[in-house]
Every structure is written in structure tokens, then in C-alpha cells.
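See structure below.
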């Protein structure tokens, strides 16, 4: 359940910042992804880490926005 909660937290952050053009650091918002791995002894999964998407940002010209 903890892994699912962290995954949903990352998704929530991505949805909340979907239209963010600049972060406090000055760069574009990069979506977060939860990387999961198997827990030992068949105990399900756990979040290994939360990583930022490093793909190039989508550039869009939208003068009517």
C-alpha cells in the first residue's frame, strides 16, 4: 500500500503541475515517476526511488492561452 500511495502522490504532483511553465529554480516542471522493485521474500513491491523525467520538454506556441 505504501508503494501505491507514493505512486499516486507522484501522479497527483504531475497533474497539479501540468500547466506549470517555470519552477522556483527557473526551469520547466519535470514529471515525477515512481520506480518500483520487488520486495524480498515475495512481500510485494516497494518504491526504489522517485525520479524526474529527463526527456526534452514539449514546446508549444499557444497565443490564445
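Residue numbers (this note's numbering): 633 to 697.
Note that beta-carbon positions come from the ideal geometry of N, C-alpha and C, so glycine has one too.
- Burial state of residue 666 (16 or more Cβ within 10 Å): Start at 1 with the first residue of the chain shown, and residue 666 comes out as number 34. Result: buried.
- Item | C-beta contact flag for residue 664 and residue 651 at 8 angstroms | Position 32 of the chain shown, counted from the start, is the residue given in the question as residue 664. Position 19 of the chain shown, counted from the start, is the residue given in the question as residue 651. Taking 8 angstroms as the Cβ cut-off, residue 664 and residue 651 do not qualify as a contacting pair.
- Query: According to the Cβ coordinates, are residue 668 and residue 635 closer than 8 angstroms?
  - Reply: For the purposes of this step, residue 668 is taken as the residue at position 36 of the chain shown. For the purposes of this step, residue 635 is taken as the residue at position 3 of the chain shown. Cβ distance < 8 angstroms, so residue 668 and residue 635 count as in contact.
- Return yes when the Cβ of residue 641 is within less than 8 angstroms of the Cβ of residue 662, no when it is not. The count along the chain shown starts at 1 and reaches residue 662 at position 30. The count along the chain shown starts at 1 and reaches residue 641 at position 9. No.
- Please state whether DSSP places residue 687 in a helix, a strand or coil. In the chain shown, the residue the question calls residue 687 occupies position 55. Coil at residue 687, not helix or strand.
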